Amino acid sequence: MKKHILILACFYFVYGIKAQEKIMVNAINRESTSLNGYWKYIVDPYENGFYNYRYEPFENQENPGNGAFFTNAKRKSKSDLVEYDFDKMDSLKVPGDWNSQKEKLFYYEGTLWYKKSFDYTKKQEDSRVFVYFGASNYETDVYLNGKKLGKHIGGFTPFQFEISKLLKPKGNYIVVKVDNKRKRDAVPTLNTDWWNYGGITREVKLIETSSTFISDYQLYLDDEDTKIITGQIELNGFKKAEQEITINIPELGINEKLKTDHTGKCTIKLKSKNIRYWSPESPKLYDVTISTQEDKISDQIGFRTIKTKGAEILINEKSLFLKGISIHEESPINGGRCNSKEDAKKLLEYAQSLGCNYVRLAHYPHNEYMVRLADKMGILVWEENPVYWTISWDNEETYLNAQNQISEVIRRDKNRASVIIWSMANETPNSDTRNEFLTKLAKFTKEQDPTRLISAALEQHDYNGNPNTRTIDDPFAEIVDVLSFNQYIGWYDGEIEKCQRIKWKITQDKPVIISEFGAGAKYGLHGEKDDRWTEEYQEFLYQETLKMVDGIEQLKGISPWVLVDFKSPRRVLPEIQDNYNRKGLISEKGEKKKAFFVLKEYYETKK
Ligand code: GCU
């Protein structure tokens with residue numbers, strides 16, 4: 052235990068993170084002041100604005116001088132030496148990755164600095180103010196008025212810093228250093244199959260709260276008695292103890308008063324006879340208001356149960372087949388990282404038009420609009436931690452990074468009925484260190500959120516050396532609630548006809564999801580069904596694969612790879628890929644390929 056604490060301390064020291072404060076739950080519904088819009092930026096590949104010429108960080112120096120970019124230095128006299136000036140630079144739109152905004156930043160992987168000036172007058176003298184980021188890829192250092200607020204690591208989860216004491220009514224300037232260099236010990240690691248979009252990719256806003264506010268809550272159905280809504284609430288602030296909290300759910304006739312304990316927490320047990328359970332067919336959301344004397348927050352929450360029983364996945368005790376599709380977070384409207392409600396709407400409407408009741412958000416947490424819209428549309432969601440391929444399994448800081456990222460997405464989405472599965476990893480090679488890493492991560496995830504299922508795309512191999520029988524052969528299968536695997540017979544693994552002779556033998560008594568299968572096709576390219584890259588090839592692969600998998604008794608869901616063609620530096624075949632992974636059922640221009648209709652028809656017949 053001592054070793055773990057020491058490593059944890061080193062992790063925070065190395066990364067200069069004060070105990071990274073946790074985001075306030077449901078920040079999206081809080082009154083806020085947006086800092087979205089145009090920010091000045093400086094491209095800084097040598098990190099000249101962060102280190103002096105002896106490679107010492109300016110921020111560790113008493114007087115950082117005019118070299119540090121986070122001081123937003125201005126020449127005060129004619130003899131002053133200042134070698135940068137944010138206000139004379141070009142601007143980038145926030146939210147938004149830099150690669151898709153500027154031609155010269157298309158391939159850029161490195162450090163880039165943002166600066167935004169703003170005024171802010173607090174509404175109340177004793178209120179608190181936080182700056183909240185929806186996400187920023189990948190390592191983000193934030194400064195306000197020349198002072199370091201902190202650092203966040205991870206490209207796809209929200210974070211916040213309190214700025215109550217640093218804020219001025221006039222002339223504030225926030226400077227943000229974003230470094231999207233891929234690193235061996237990062238999460239994800241160096242090699243992925245998606246574009247490494249860098250920058251402040253989601254919203255930035257100022258949230259003002261009362262001095263003691265509602266920072267955390269989770270409400271869900273009691274496992275034993277689904278007429279009871281249970282959960283917990285936590286306050287943040289000085290007057291946490293013995294505070295009265297009111298929970299109001301008008302449609303359920305609930306208006307309950309509770310008291311926090313000396314730590315500012317309270318548990319919930321609310322009985323109600325007539326709860327309409329959330330389900331894909333009937334995605335009922337209730338208006339929930341939680342209030343104290345000083346604070347009030349409203350949310351829209353659906354109540355349902357999700358569990359497995361043998362090889363069944365049960366929603367509200369009813370067995371369900373997950374008719375899904377995998378989705379990357381790439382805007383079908385403008386390209387680049389999604390960051391708007393419109394992006395979420397278009398992607399989920401594509402999935403709905405396919406007949407989906409489920410989406411696999413690959414391979415990292417998507418923006419919050421996706422899960423909140425999925426709540427409303429009745430689309431079930433698999434959310435994934437970016438523990439992808441060949442992670443540094445034996446590096447404790449890598450583990451703590453992965454743990455921090457899953458904890459952040461759980462904190463953001465734990466009240467979303469649509470979210471049913473937390474995925475620990477994707478296609479990771481089996482080894483003792485990998486199994487230890489993932490088992491620890493799964494245990495941590497269950498502690499953070501015991502109400503949802505855990506899965507991961509596992510390894511599958513020949514059964515007892517028989518090349519015509521496949522099986523899930525992976526120690527981590529013992530740990531997950533739902534088995535899942537990617538298989539590419541007919542694309543990476545033999546010819547499409549191979550589907551006709553392969554049988555699947557699942558030895559574990561658990562539900563199975565095939566998390567990926569697919570083939571590349573260039574929209575509009577036609578030919579014979581054995582002609583790779585044609586729509587006919589992809590169509591034939593879908594036909595043969597669906598026949599092959601239909602025979603798997605424990606199969607309770609599929610999420611073929613992938614909804615829309617997406618950018619990847621690995622895909623460079625001229626006139627066909629041109630930096631796109633072409634396994635989409637829809638092109639990046641929104642054109643539906645023939646295989647789209649094969650899957651659509653399959654889902655129409657699937658019960
Ligand atoms: C892998 C991986 C995906 C990748 C896909 C492909 O299974 O999970 O991220 O894009 O195969 O090769 O297209």
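Taking the numbering used here, I'd label the letters of the sequence shown as residues 52 to 658.
Glycine included, each C-beta is placed from N, C-alpha and C at the ideal position.
It should be emphasised that the depicted structure is a prediction, and the values quoted were computed from it without experimental measurement.
Residue i to residue j, Cα distance in whole Å?
{"i": "Thr-340", "j": "Ile-300", "result": "7 Å"}
{"i": "Thr-303", "j": "Ile-326", "result": "Per the sequence shown, the amino acid found at residue 303 is Leu instead of Thr. Going by the C-alpha atoms only, they are around 7 Å apart."}
{"i": "Glu-134", "j": "Leu-405", "result": "55 Å"}
{"i": "Ile-553", "j": "Gly-516", "result": "13 Å"}
{"i": "Ser-142", "j": "Tyr-158", "result": "18 Å"}
{"i": "Ser-563", "j": "Thr-240", "result": "Per the sequence shown, the amino acid found at residue 563 is Val instead of Ser. Computed Cα separation, rounded: 27 Å."}
{"i": "Lys-308", "j": "Ile-319", "result": "10 Å"}
{"i": "Leu-200", "j": "Gln-211", "result": "9 Å"}
{"i": "Gln-538", "j": "Phe-137", "result": "49 Å"}
{"i": "Ser-619", "j": "Val-531", "result": "30 Å"}
{"i": "Trp-473", "j": "Arg-467", "result": "12 Å"}
{"i": "Arg-179", "j": "Val-255", "result": "17 Å"}
{"i": "Leu-132", "j": "Glu-448", "result": "39 Å"}
{"i": "Glu-548", "j": "Asp-601", "result": "16 Å"}
{"i": "Tyr-63", "j": "His-203", "result": "With a pLDDT of only 47 at Tyr-63, under 50, the local geometry of the prediction cannot be trusted, and the value read off the model is given with reservation. Approximately 10 Å between the Cα atoms of the pair."}
{"i": "Ser-377", "j": "Thr-502", "result": "23 Å"}
{"i": "Tyr-663", "j": "Thr-162", "result": "No statement about residue 663 is possible, as the shown extent of the chain runs from 52 to 658 and does not include it."}
{"i": "Tyr-104", "j": "Asp-95", "result": "14 Å"}
{"i": "Met-475", "j": "Glu-546", "result": "31 Å"}
{"i": "Lys-129", "j": "Glu-259", "result": "41 Å"}
{"i": "Glu-381", "j": "Tyr-631", "result": "12 Å"}
{"i": "Arg-235", "j": "Ser-443", "result": "7 Å"}
{"i": "Thr-718", "j": "Asn-87", "result": "A query on residue 718 cannot be resolved here, the shown segment of the chain reaching from 52 to 658 and no further."}
So what does DSSP say about residue i, is it helix, strand or coil?
{"i": "Cys-317", "result": "strand"}
{"i": "Asp-532", "result": "coil"}
{"i": "Phe-157", "result": "coil"}
{"i": "Asp-426", "result": "helix"}
{"i": "Glu-604", "result": "coil"}
{"i": "Leu-489", "result": "helix"}
{"i": "Thr-484", "result": "helix"}
{"i": "Lys-374", "result": "strand"}
{"i": "Asp-581", "result": "coil"}
{"i": "Leu-614", "result": "coil"}
{"i": "Val-65", "result": "Confidence is the limiting factor: at Val-65 the pLDDT is only 42, short of 50, which leaves the residue's position unreliable, though a coordinate-based value still follows. Helix at Val-65."}
{"i": "Leu-303", "result": "helix"}
{"i": "Ile-79", "result": "helix"}
{"i": "Lys-360", "result": "strand"}
{"i": "Phe-659", "result": "Residue coverage of the chain in this structure runs from 52 to 658, which leaves residue 659 outside it and unanswerable."}
{"i": "Phe-354", "result": "coil"}
{"i": "Lys-91", "result": "strand"}
{"i": "Lys-573", "result": "coil"}
{"i": "Tyr-420", "result": "helix"}
{"i": "Phe-495", "result": "helix"}
{"i": "Val-438", "result": "coil"}
Mind checking which residues open and close the alpha helix (DSSP H) that includes residue i?
{"i": "Trp-464", "result": "The sequence as given places Asp at residue 464; Trp does not occur at that position. Residues 447-464."}
{"i": "Thr-656", "result": "645-656"}
{"i": "Thr-596", "result": "586-600"}
{"i": "Gln-403", "result": "392-404"}
Which residue marks the beginning of the beta strand (DSSP E) containing residue i, and which one marks its end?
{"i": "Glu-293", "result": "Neither: Glu-293 is in no beta strand (DSSP E) and is coded neither H nor E."}
{"i": "Tyr-337", "result": "337-342"}
{"i": "Ala-476", "result": "470-477"}
{"i": "Tyr-189", "result": "Careful: Tyr-189 lies outside any beta strand (DSSP E) and carries neither H nor E."}
{"i": "Gln-628", "result": "Counting along the chain, Gln-628 falls outside any beta strand (DSSP E), and DSSP gives it neither H nor E."}
{"i": "Leu-200", "result": "198-204"}
{"i": "Val-432", "result": "431-435"}
{"i": "Thr-281", "result": "279-287"}
{"i": "Tyr-409", "result": "409-412"}
State the CB to CB distance for the pair residue i and residue j, rounded to an integer number of angstroms; the pair is presumed to be in contact (CB under 8 Å).
{"i": "Tyr-11", "j": "Lys-392", "result": "No answer is possible for residue 11: the residues shown for the chain start at 52 and end at 658."}
{"i": "Ala-453", "j": "Asn-436", "result": "6 Å"}
{"i": "Cys-317", "j": "Ile-284", "result": "5 Å"}
{"i": "Gly-27", "j": "Leu-373", "result": "Because residue 27 is not part of the residues shown, which for the chain are 52 to 658, the question remains open."}
{"i": "Glu-579", "j": "Glu-587", "result": "6 Å"}
{"i": "Ala-78", "j": "Tyr-171", "result": "In fact, because the Cβ distance is near 17 Å, the residues do not count as touching under 8 Å."}
{"i": "Asn-117", "j": "Tyr-248", "result": "Between Tyr-248 and Asn-117 the Cβ distance is about 32 Å, and since that is not below 8 Å, they are no contact."}
{"i": "Trp-542", "j": "Leu-592", "result": "7 Å"}
{"i": "Gly-185", "j": "Asn-418", "result": "6 Å"}
{"i": "Asn-223", "j": "Asn-196", "result": "6 Å"}
Nearer than 8 Å: is that true of the beta carbon of residue i relative to any heavy atom of the ligand FMN?
{"i": "Asn-390", "result": "Looking for the ligand FMN in the displayed structure turns up nothing; the ligands present are the ligand GCU."}
Let me know the beta strand (DSSP E) ranges lying completely inside the stretch 242-275, each 3 residues or longer, listed in chain order. Inside the stretch 242-275, DSSP marks whole beta strand (DSSP E) runs of 3 or more residues at positions 255-260, 264-272, from first to last along the chain.
Can you list, in chain order, the stretches of the beta strand (DSSP E) that have 3 or more residues and sit fully within the stretch 497-562? List check, beta strand (DSSP E) in window: 504-509, 511-514, 517-523, 533-537.
At what residue ranges does the stretch 216-240 contain a whole run of the beta strand (DSSP E), taking only runs of 3 or more? DSSP runs (the beta strand (DSSP E)) wholly in the stretch 216-240: 223-230.
Segments of 3+ residues assigned as beta strand (DSSP E) that fall wholly inside the stretch 94-179: Taking only runs of at least 3 residues, the beta strand (DSSP E) segments lying wholly in the stretch 94-179 are 142-145, 162-169.
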